[in-house]
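Numbering of the sequence shown is given in the UniProt record's numbering, commencing with residue 1 and proceeding in unit increments.
Every residue gets a Cβ at the ideal spot worked out from N, C-alpha and C, and that includes glycine.
Note sheet for the following structure.
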Amino acid sequence: MDYLNLKPYDLFREITKDLLRGENVKFYLESKISQEILCDKNQFMEFVNQYYINKKRAQRINKRCDSFKIPLLIDLNGEVVKIGWSLDWDKNLINSNSESALFLNNKYKFIYLYAVYDQFKDENIKMKLTAGRKLQIEKRDPQSINLNCGYYETKGTRSYMEDRTFLSLDVLNEELTQIKKPIVSFFGIYDGHNGEFTVDYLKSHLHKNFSLVFNQLKCDEIIQNTINALLDSFYLTENQIKKHYFNSNNEQIMKEFEIMDQKQGLNINLESSSKGQNIKYISSGSTAIVCCITSSTICVANLGDSRAILCKCGRAYSLTKDHRIKSNLEERERVKNEGGTFDDEGYLSGNLAVSRAFGNWDVYSGMKLQGLSSTPEIYVHNITREDEFLLIACDGIFESFMDQEAISLIRRALVENDDPNLAAEKLASAALQRQSLDNLSAIVVVLTPPNYMAIGNHNFCIDSNAESKKKTNYANTSNRKIYNFSKLKNLLLT
Numbered sequence: 001m002d003y004l005n006l007k008p009y010d011l012f013r014e015i016t017k018d019l020l021r022g023e024n025v026k027f028y029l030e031s032k033i034s035q036e037i038l039c040d041k042n043q044f045m046e047f048v049n050q051y052y053i054n055k056k057r058a059q060r061i062n063k064r065c066d067s068f069k070i071p072l073l074i075d076l077n078g079e080v081v082k083i084g085w086s087l088d089w090d091k092n093l094i095n096s097n098s099e100s101a102l103f104l105n106n107k108y109k110f111i112y113l114y115a116v117y118d119q120f121k122d123e124n125i126k127m128k129l130t131a132g133r134k135l136q137i138e139k140r141d142p143q144s145i146n147l148n149c150g151y152y153e154t155k156g157t158r159s160y161m162e163d164r165t166f167l168s169l170d171v172l173n174e175e176l177t178q179i180k181k182p183i184v185s186f187f188g189i190y191d192g193h194n195g196e197f198t199v200d201y202l203k204s205h206l207h208k209n210f211s212l213v214f215n216q217l218k219c220d221e222i223i224q225n226t227i228n229a230l231l232d233s234f235y236l237t238e239n240q241i242k243k244h245y246f247n248s249n250n251e252q253i254m255k256e257f258e259i260m261d262q263k264q265g266l267n268i269n270l271e272s273s274s275k276g277q278n279i280k281y282i283s284s285g286s287t288a289i290v291c292c293i294t295s296s297t298i299c300v301a302n303l304g305d306s307r308a309i310l311c312k313c314g315r316a317y318s319l320t321k322d323h324r325i326k327s328n329l330e331e332r333e334r335v336k337n338e339g340g341t342f343d344d345e346g347y348l349s350g351n352l353a354v355s356r357a358f359g360n361w362d363v364y365s366g367m368k369l370q371g372l373s374s375t376p377e378i379y380v381h382n383i384t385r386e387d388e389f390l391l392i393a394c395d396g397i398f399e400s401f402m403d404q405e406a407i408s409l410i411r412r413a414l415v416e417n418d419d420p421n422l423a424a425e426k427l428a429s430a431a432l433q434r435q436s437l438d439n440l441s442a443i444v445v446v447l448t449p450p451n452y453m454a455i456g457n458h459n460f461c462i463d464s465n466a467e468s469k470k471k472t473n474y475a476n477t478s479n480r481k482i483y484n485f486s487k488l489k490n491l492l493l494t
C-alpha cells in the first residue's frame, strides 16, 4: 500500500496546495514528533474532506477563521488509523469491546494537525504549538491553583431537604495564622436520610476535622497527606457523631424521630414499638463525597452513591463507583462477608439503598447496621491539560441523567455563560423536568491549568457530544474555544 508521509512539511504542503484548490493555508503538527506520520491515499482523501468540513464549521462559528485543527489517530508505527472522530466513540466508550476502547487500550494516540492561514508568521505558530508538550512535563507550582466553582441545591419535589453542600477553595487556611499552609480545595456533598442530624454535623465538622488531621501529619508530600487526612477525618467524624447520639441518652434520636414523624405524616411511639423492625429505629445517616483538589491532583473520598465525574475534552470519566449492592458486585461480596443481609432490590437490611454511609446505628444495641461501612473508597486523579471541569452531584441527579448526558449539559452551559453556578442550576432544573423525585445538589469546579498557550490566543478542544451544535466562547482564564467534531462522516462534502 502506498503511503504519503505527512513529514516533511514541504512535500505535504505542495500536495495539499493542489488538492485544496490552491488555498493559502499551511499545516503544523501539534508538537514535535520524531517519527514519520504515514497516511495511505484513501485516508489522505478523507483528510481533504475533513479539512473542508472543519473549515466550514469554524467559519460558521467565527467568520474570522484564522485556524482550526483536525485530529489524527496514529499507531505506534506512526501510521494514521483514523482521521476525525467516529460517530459512536462517546456512547460506546464505556463498552470495553467498542472500537474506541480497543484503540485506547492498544496504545494508539491522538495528534492534531493544525490548518493555519497566512495571517500568522511561521515562527509564532511553531512556538505556540510546541507549548502544549512543554506543559505536560512541567511541574505545577503548589500555590498555583486557579479554580472557578459554583453549586446549586434544591429540595425538588420533596417537602423537606436533606442534602448539604460545602465548598472551600483553601480549606487549610480558613483560619488566619502566621504559617502559610498548602492550598487544598475542599468540595463536599452530603446526602442525608432518616433525619438531619448526621448530615448537618458533616457539613459543620468534616472539613474542620480534615484540616485538623492534615496539620498534624509529618509527611512533606501533599498528596499523601491529603489521602491520609481524608481517611482519618472520616473515621474521626463517624466516632464524633456516634458519641453525640449515645452520650445524650437517646435524646437526639428521639428528637429526630419526632421530626421525621411530622415530615412523613407518621405517628409512631418509639418506646412502645417493637425493636428493630423498621429503619424508623435506626439513627440518621448520610452518604458523603468529598473532592480535595491540590495544584496537580484530585483526591476523592466516597461513601454512598453520589458521584464525581470529570469532563475530559467533552467526554465523561467517572472517578467513583456507586456503593449500591445491586450494581456493585464488589460491595455485594463485602456485605456478604461481613454478615450483612439485603433483599432482591439490593436494600441493606431491607431498608437502606447504599452499602456505605455515615451513621445508621441501631437505637437499642448501639451497633451499626450489619454490613454498612463508614470507610470511604479513595480515588486519585492526576490533573492534565485536557481536564475541563469536575461535576460532583448527588444520586438524585443521576436518577435522570447518564454521566455523559450530565457532562454535556454542564459543558454547553459553561460555553454559553461561563458561570458554574448557573450550569449547576441548569442541571438540577433539567433533572426536575425529567421527574427526579429526590433532593438535588450539584457542584461544578472548572479546572484551569497555568500558562496555557494556544493558537491565536485560543485553545481548541474536541466536543464529542453529538447533540452539541453551537459554539461560543468558554471564557475562564484561558479563553478556550471548543469545537464540535462529532458526526463528521455524515457531513463529508463532495
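For this session: Please name the residue, chosen from C394, I325, L390 and C219, that lies closest to G371 on a Cα-to-Cα basis.
Result: I325
Problem set entry | Proximity winner among K243, R334, K208 and V354, relative to L303 (alpha-carbon distances) | V354
Problem set entry | Residues near S400 by beta carbon distance below 8 Å, same chain, minus five either side | A430, A431, R434, Q435 and S436
For this session: Round the Cβ separation of I378 and I289 to the nearest angstrom and send it over; I've been treating them as touching at under 8 Å.
Result: Not confirmed; about 12 Å, so no contact.
Exercise. Is it true that the segment 187-197 meets the segment 157-173, where meeting means three or more beta-carbon pairs spaced less than 8 Å apart?
Worked result: As far as the Cβ criterion goes, the segment 187-197 touches the segment 157-173, which means the pair count is three or higher.
Exercise. Taking all protein chains shown into account, do 16 or more other C-beta atoms lie within 10 angstroms of the C-beta of I179, making it buried, or fewer, making it exposed?
Worked result: exposed
Problem set entry | Supposed close pair N209, L230 - CB separation, criterion 8 Å | That belief does not hold up - the Cβ atoms of N209 and L230 are roughly 10 Å apart, past 8 Å.
Exercise. Which whole-angstrom value describes the C-beta separation of F246 and G396, a residue pair presumed to lie in contact below a C-beta threshold of 8 Å?
Worked result: Between G396 and F246 the Cβ distance is about 31 Å, and since that is not below 8 Å, they are no contact.
Exercise. Buried or exposed: T287, going by 16 or more other Cβ atoms within 10 Å of its Cβ?
Worked result: buried
Exercise. Is it true that the CB of G150 sits closer than 8 Å to the CB of P420?
Worked result: yes
Exercise. Just the Cα atoms here: how many angstroms apart are D200 and V184?
Worked result: 22 Å
Exercise. Helix or strand or just coil, what does DSSP make of D200?
Worked result: D200 sits in a helix when the DSSP states are folded into three classes.
Exercise. Who pairs with F186 in a beta bridge, going by DSSP?
Worked result: S168 and C292
Problem set entry | Close beta carbons around A424, own chain, < 7 Å, minus the five adjacent residues each side | G150, Y151, Y152, A442, I443 and V444
Exercise. What does a CB cutoff of less than 7 Å around I241 pick up in its chain, not counting 5 residues either side in sequence?
Worked result: T198, Y201, F358 and G359
Problem set entry | Among C39, Y114 and L113, nearest to V80 - alpha-carbon criterion | Checking every option, the nearest Cα to that of V80 belongs to C39.
Exercise. Anyone know if the C-beta pair for H207 and V171 falls short of 8 Å?
Worked result: Cβ atoms of H207 and V171: closer than 8 Å.
For this session: Could you tell me the distance, in whole angstroms, from the CA atom of N473 to the CA atom of L427?
Result: Only weak support is given to the placement of N473: the predicted model assigns it a pLDDT of 32, under 50, and the value that follows is read from those uncertain coordinates. Straight across, the Cα-Cα distance linking N473 with L427 is about 20 Å.
Exercise. So is N225 buried or exposed if we call it buried at 16+ other beta carbons inside 10 Å?
Worked result: buried
Exercise. Expressed to the nearest angstrom, what Euclidean distance is found between the alpha-carbon atoms of L422 and D438?
Worked result: 20 Å
Exercise. How about D343 and H323: do their beta carbons lie closer than 8 Å?
Worked result: Their beta carbons are not under 8 Å apart, which means D343 does not touch H323 by this criterion.
Exercise. Within this structure, are the beta carbons of I298 and L369 separated by less than 8 Å?
Worked result: no
For this session: Quickly, what does DSSP pair N337 with across the bridge? List them, please.
Result: Partner(s): none; N337 has no beta bridge.
Exercise. At what residue ranges does the segment 335-402 contain a whole run of the alpha helix (DSSP H), taking only runs of 4 or more?
Worked result: Counting only runs of 4 or more, we get 395-398.
For this session: Specify, as a first and last residue, the run of the beta strand (DSSP E) that Y317 falls within.
Result: R315 to S318
Exercise. Which residues bound the beta strand (DSSP E) around E153?
Worked result: L147 to T154
Exercise. Are I293 and L147 close, meaning C-beta to C-beta below 8 Å?
Worked result: Closer than 8 Å, so yes.
Exercise. Looking at the structure shown, is D418 part of a helix, part of a strand, or coil, going by DSSP?
Worked result: coil
Exercise. Do you know offhand how far F187's Cα is from Y364's?
Worked result: Near 34 Å, if we compare the C-alpha coordinates of Y364 and F187.
Exercise. Are there 16 or more other CB atoms within 10 angstroms of the CB of residue 496, so buried, or fewer, so exposed?
Worked result: Only positions 1 to 494 of the chain appear in the structure, and residue 496 is not among them; the question remains open.
Problem set entry | Y114 (DSSP reduced to helix, strand or coil) | strand
Problem set entry | D232, DSSP secondary structure in three states | When secondary structure is reduced to three states using DSSP, D232 falls in the helix class.
For this session: Measure the C-alpha to C-alpha separation of K155 and L440 and round it to an integer number of angstroms.
Result: 6 Å
Exercise. Just how far apart, CA to CA, sit V300 and E338?
Worked result: 25 Å
Exercise. Between the C-alpha atoms of W361 and S374, what's the straight-line distance to the nearest angstrom?
Worked result: 11 Å
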